[in-house]
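Read the structure below first, then the notes.
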Amino acid sequence: MRAFVREASKVVVIPGMNCDTDQIIPGRFLKSDRAQGYGQYLFHDIRRTSAGALDEAFPLNQAGAETATILLVEDNFGCGSSREGAVYALVDHGIRAVIGPSFGDIFYNNALKNGLLPVRLNPEICRALADHLAHAKDGEVVVDLQASEVVLPGNLGTHPVVIDAFARDCILRGLDEIDMTFTFMEQIQDFEAKRLASHPWLDR
Amino acid sequence: MKAASDAPRTLLGKIWDEHEILRHPSGPSLLYIDRDMIHEGSFHAFADLKARGLKPRRPKQIFGVADHYVPTRGRTAQDAATPAIARMIETFDENMQWGGVRHFSLSDRRQGIVHVVAPEQGITLPGLTLVCSDSHTSTQGALGSIAFGIGQSENAHVLATQTLWQLRPKVMRVTIDGVLAEGVTAKDVMLALIAKIGAAGAGGYAIEFAGSVVRGLSIEGRLTLCNMSIEAAARFGMVAPDETTFAYVRGRHYAPSEQEWEGAVAYWRTLASDEGAFFDREVHLDAAEIAPMVTWGTSPEDAVAIDGLVPDPARFDSVDRRKSAQKSLDYMGLKPGMALQGLALDKVFIGSCTNSRIEDLRSAAAMIKGRKAVIPSIIVPGSTQVREQAEAEGLATLFRDAGFEWRESGCSMCAAINGDVIGPGERCASTSNRNFVGRQGPGARTHLVSPAMAAAAAVTGCLTDIRRNGGGLS
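Protein sequence lines correspond, in order, to chains A and B. Adding 12 to a residue's 1-based position in the first sequence gives its number in our numbering. Adding 1143 to a residue's 1-based position in the second sequence gives its number in our numbering.
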């Protein structure tokens, strides 16, 4: 997994509460091999007009958005389906961090496993950042996980990144979780032997 | 396993403690995972294993079932809507064979939607930890297990180690007391709950459902409750196992044998939350206040009673909420103040892991009362066994005679990735769980309802209050 240490970038604001993973990547694209790249499917339907052309009003289609690596989103971003394709689409598009008031729990975990940092900031700060960016769209945000802080543009200040220590350590080091868990295999096997002995129907 | 603490514990706490192999100094538990359910969408996890040179570590504890991409008009991959969809079904079979994983292919009599099949086969049991790379895995907590949806990275981790690193969620107890009125179902309870607490309302929580209504519900009804927990952002829904649960589980194929039965039940009886156990949040619903519900927007929280009106976005309390509601109404082609009852529909879908079990089909059948579907209406049973049971009970004949299409089992128009879709701009009354923009097909407009409400809508052609005139029967 690609480590996340620090990212400084312009920010694209994605509007809408409860932006579910069907909006991030419609289900019909989930058949694709990862090798083909999922970036092409990011926000596929909501960034296009009903005729299929890119909608200039959608923030990701505006000039300068293509180089941004940080998104600002609204409450409950990534709710709904567990599809990890939503995270693949963001990562393959080049997004490295998503800032918002809250995230769907499964999306949040999926993001962490792919080197994409979800950053929870309180709703008032998110709203203030969105208001600021509406007038100063080139404003830069710095997400510094090493320092556990987010530096916002203008006079919006510096805020702590609240993340559990385990997840922070994994993504900061780009740790492969499966390899790490293998180091506990002896304890897993001991536990398993007892569990299967007391619940033999699990072993049929 | 560690010594049980004397402090009162919740249902979740007890099962969690029982499965905690160790706790990392930085917080999360390494949980033992008893069962992992696989479907066609799990192919990324298998690709990950292959790239690492690994195989599923405990294939006996993994079960596969084809559901998301399967055709509902035939039982071979060649019946799939497109060659690319057929390939998904074939890849699933290949991966299952490669991994030595027991699986129920398209043509198997045990096939169906994973969250219908797992309880049906006794794969889901009280006290287990069960995962599946599908958000509606919360469904299976209805039997008193910790069951939750995961992504493909976590799925690969389970396949490789039979464990997961997880932070223990907070627990919200939702108590539903009183008596549900005629025509009000578990689906309506969940839509009422989500409307009350919001689509983000239970983020970070497991929901434990309690109260007299929950005790009185069948397993089918409890599965519906837990299924939609995820639509309130709770990754886990749970109901303490009781006599109803034990009677349901007994004799199922992968359940404890008759020789093991008494011991298993004795343990399961200890799982209910202790008197005085701490809940991080308590929510109460009065059953008498719940009406048959319908959604008007593009989030499951956008739900009102069927005799209610489309709300005015200007009256919502936050700017974000006002904007989102207006966008929903534009997408849905609705105006503030419109009555939902009587709204003309184009399609009806009865199916999905929310509402496709035998009880759901009986409830839909009871609304037909000799009438005919006046709009295209399809019924997709949750499993091949449910389909066979419905045929044996005469429900299939009743549906066919009433002009409904009676299909083979699968996720169909809920996930809408097998080729079964609603057309752009078309309005559908659906017993599924998500009314998201484009969920049932690009431009499709979804109104979530119960099976009885969907059946009444099929025979009247519009959203109909089933409490009146026998469901629109004049």
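Even for Gly, the Cβ is constructed at its ideal location relative to N, Cα and C.
- Taking the C-beta atoms as reference points, residue 1215 (chain B) is found nearer than 8 Å to residue 1563 (chain B).
- Here residue 130 (chain A) is bridged, per DSSP, to A:110.
- If you compare the alpha carbons of B:1405, B:1403, B:1545 and B:1161 with that of residue 206 (chain A), the shortest gap goes to B:1161.
- According to the DSSP assignment, residue 54 (chain A) belongs to no alpha helix (DSSP H), since it is labelled neither H nor E.
- Among the CB atoms of chain B, none fall inside 8 Å of the CB of residue 158 (chain A).
- When beta bridges are read from the DSSP output, residue 1157 (chain B) appears opposite no residue.
- Uninterrupted alpha helix (DSSP H) stretches at least 4 residues long and entirely within the segment 1239 to 1290 of chain B occur at 1257 to 1263, given in chain order.
- Inter-residue distance for residue 1248 (chain B) and residue 1552 (chain B) is about 12 Å (C-alpha atoms, whole angstroms).
- One finds 32, 34, 35 and 92 in chain A with Cβ atoms closer than 8 Å to the Cβ of residue 1579 (chain B), taken in chain order.
- Note on geometry: alpha-carbon atoms of residue 1473 (chain B) and residue 1172 (chain B) lie some 45 Å from one another.
- Identification of residues in the segment 1312 to 1342 of chain B having a C-beta nearer than 7 Å to some C-beta of chain A yields 1342, given in sequence order.
- In terms of Cβ geometry, residue 1411 (chain B) and residue 189 (chain A) do not form a close pair [threshold 8 Å].
- Taking 8 Å as the CB threshold, residue 1198 (chain B) stays off the interface with chain A.
- Contacts with chain A at 8 Å (Cβ-Cβ) include residue 1397 (chain B).
- Not one beta carbon of chain A lies nearer than 8 Å to the beta carbon of residue 1380 (chain B).
- Chain A has a Cβ within less than 8 Å of the Cβ of residue 1463 (chain B).
- Residue 125 (chain A) has a beta carbon lying within less than 8 Å of a beta carbon in chain B.
- Taking every protein chain shown into account, the CB of residue 1195 (chain B) has fewer than 16 other CB atoms within 10 angstroms, so this residue is exposed.
- For residue 1318 (chain B), no alpha helix (DSSP H) run applies; the uninterrupted beta strand (DSSP E) run containing it begins and ends at 1313 to 1320, by DSSP.
- Taking residue 1186 (chain B) as the centre and dropping the five residues before and after it, the same chain places the C-beta of 1234 closer than 6 Å to its C-beta, in chain order.
- Short of 7 Å from the beta carbon of residue 1433 (chain B), and not among the five residues preceding or following it, lie these beta carbons of its own chain, in chain order: 1323, 1327, 1331, 1332 and 1335.
- When 8 Å is used as the limit between beta carbons, residue 59 (chain A) is near no residue of chain B, the shortest such separation being about 12 Å.
- Inter-segment contact for the segment 49 to 64 of chain A and the segment 20 to 37 of chain A is present: three or more beta-carbon pairs are separated by less than 8 Å.
- Only exposed fits residue 197 (chain A), as fewer than 16 other CB atoms lie within 10 angstroms of its CB.
- For residue 172 (chain A), the enclosing beta strand (DSSP E) covers residues 170 to 172.
- Along the length of the segment 1532 to 1613 of chain B, whole beta strand (DSSP E) runs at least 3 residues long occupy 1570 to 1573 and 1588 to 1591, reported in chain order.
- For residue 130 (chain A), the nearest beta carbon of chain B is not closer than 8 Å to its own beta carbon.
- Secondary structure of residue 1221 (chain B) (DSSP, three-state): helix.
- Rounded to the nearest whole angstrom, the CA to CA distance from residue 94 (chain A) to residue 1486 (chain B) is 32 Å.
- With its beta carbon at least 8 Å from every one in chain A, residue 1455 (chain B) lies outside the interface.
- The alpha-carbon separation between residue 69 (chain A) and residue 134 (chain A) amounts to approximately 27 Å.
- Shown here, residue 1461 (chain B) sits in coil according to DSSP, grouped into three states, outside any helix or strand.
- Assignment of beta-bridge partners to residue 1369 (chain B) by DSSP yields no partner.
- Within chain A, no residue has its beta carbon less than 8 Å from that of residue 1553 (chain B); the closest one is some 14 Å off.
- In this structure, the alpha-carbon of residue 46 (chain A) lies about 22 Å from that of residue 1213 (chain B).
- Taking all protein chains in view, the Cβ of residue 1462 (chain B) is surrounded by fewer than 16 other Cβ atoms within 10 Å, so the residue is classified as exposed.
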